[in-house]
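By the working numbering, the letter at position 44 of the sequence shown is numbered 44, and the numbering carries on one by one without gaps. Worksheet for the structure shown next.
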Amino acid sequence: MTTALKDGKGYAVEKVWAAIPAGEQDGAQVVEPGPVTATLYLYDILGEDFLGGIPARRVVEDLRALADVPALDVRLSSNGGDVFEGIAIYNALTRFPGKVTVHVDGLAASIASLVALAGDETIVAENAMLMVHRPWTAVLGDAEEFRRQAETLDKAWSAMLATYARRTGRRAATLAQRVADAGGEWWMTAEEAVAEGFA
């Protein structure tokens, strides 16, 4: 049996149930239904704005509801979104008690490339891509506000680099240089993502 929750806007959760042996009773095997796998679809921007998106709080609520599932597949195709929402989603996935497999189905760009690394295993479709870049924002305000925002962006980038480095086995400085050498946007094919430790 499969149950699904969908919003029609790139976000869905599917929970698949199957018969799991629960022991024997009078020589007969007693079978109880239990969850065996769940799939979380992240097919939108990460974070919420007037156009929609996937807020971290919603992902966390669904992960809590799926805590009894031993295996979670995350299907990811996202241009990115809000850096802090993406970091929260990444952290929530790494805390999930079961095995997490992230499948990059199309694109994992910007902060979605960090979410792609949240699983115990990352699988990039042969024709999918990843893209890493420094975080950016739009700012209104005086010079002091611009300086504050620049400092915040630098700190967010440092946090992202530390996570990329931990998950890929590469040095943060090496990863930062790869982004700089690529002109600010480091695009990787599936094969390149594997070679660089992203999958």
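Where is the CB? At the ideal position from N, CA and C, for every residue including glycine. Quick caveat: nothing in here was measured; it's all calculated off a predicted structure.
Query raised in the report: Looking at the unbroken alpha helix (DSSP H) that takes in Trp157, where does it start and where does it end?
Result: Note, Trp157: alpha helix (DSSP H), Ala143 to Thr168.
Query raised in the report: What are the start and end residues of the alpha helix (DSSP H) that includes Thr174?
Result: Here the alpha helix (DSSP H) through Thr174 covers Ala172 to Asp181.
Report task. Reducing DSSP to helix, strand and coil, say where Ile123 ends up. Result -> Ile123: strand per DSSP, three-state reduction.
Query - Contact set for Ala156: own chain, Cβ-Cβ below 6 Å, skip 5 residues either direction - result: Cβ neighbours of Ala156 beyond the five flanking positions: Val83 and Pro135.
Requested in this report: Decide if the region 39 to 47 is in contact with the region 77 to 91; the criterion is three or more beta carbon pairs, one per stretch, under 8 Å apart.
Outcome: Because the criterion of three Cβ pairs below 8 Å is met, the region 39 to 47 and the region 77 to 91 touch.
Requested in this report: Assuming Ala128 and Ala190 form a contact by the criterion Cβ under 8 Å, report the distance between their Cβ atoms to the nearest whole angstrom.
Outcome: The pair is a contact, with the Cβ atoms about 6 Å apart (cut-off 8 Å).
Report task. Quick one: using the 10 Å Cβ neighbour count with 16 as the cut-off for buried, is Ala198 buried or exposed? Result -> This sequence places Phe at residue 198; Ala is not what is there. By the Cβ neighbour-count rule, Phe198 is buried, with 16 or more other Cβ atoms within 10 Å of its own.
Requested in this report: Could you have a look at Glu185 and say whether DSSP puts it in helix, strand or coil?
Outcome: When secondary structure is reduced to three states using DSSP, Glu185 falls in the strand class.
**Report entry** Backbone secondary structure at Tyr43 - three-state DSSP
**Finding:** In the displayed model, Tyr43 falls within coil according to three-state DSSP, outside both helix and strand.
Query raised in the report: Which class does Thr137 belong to by DSSP, given the choice of helix, strand or coil?
Result: Thr137: coil per DSSP, three-state reduction.
**Report entry** Coil, strand or helix - Gly23 by DSSP
**Finding:** Note that Gly23 scores 48 on pLDDT, short of 50, meaning its location in the model is unreliable; the coordinates nonetheless yield the value given after this. Here Gly23 sits in strand by DSSP.
Query - Euclidean distance between Cα positions of Thr174 and Thr122 - result: Distance between the alpha carbons of Thr174 and Thr122 is about 21 Å.
Query raised in the report: Is Ser78 helix, strand or coil by DSSP?
Result: In the structure shown, Ser78 sits in a strand (DSSP, three-state: E or B).
Query raised in the report: Asp62 lies in the alpha helix (DSSP H); which residues open and close that run?
Result: From DSSP, the alpha helix (DSSP H) with Asp62 extends over Ala56 to Ala65.
**Report entry** Residue closest to Leu63, alpha-carbon to alpha-carbon, out of Tyr164, Gly53, Gly52 and Tyr41
**Finding:** Out of Tyr164, Gly53, Gly52 and Tyr41, the CA that lies nearest to the CA of Leu63 is found in Tyr41.
Query raised in the report: Taking Cβ positions, are Val36 and Pro70 nearer each other than 9 Å?
Result: A distance below 9 Å separates the beta carbons of Val36 and Pro70.
Query raised in the report: Any idea if Pro55 is buried or exposed, counting beta-carbon neighbours within 10 angstroms, 16 or more meaning buried?
Result: Buried: at least 16 other Cβ atoms inside 10 Å.
Query raised in the report: Expressed to the nearest angstrom, what Euclidean distance is found between the alpha-carbon atoms of Gly119 and Leu93?
Result: Cα to Cα, Gly119 sits roughly 7 Å from Leu93.
Report task. Scan the region 79 to 114 and note each continuous beta strand (DSSP E) run of 3 residues or more that stays entirely inside, going in chain order. Result -> Runs of the beta strand (DSSP E) inside the region 79 to 114: 99 to 109.
**Report entry** Distance between Val139 and Glu145 (C-alpha atoms, nearest Å)
**Finding:** Rounded to the nearest angstrom, the two C-alpha atoms are 8 Å apart.
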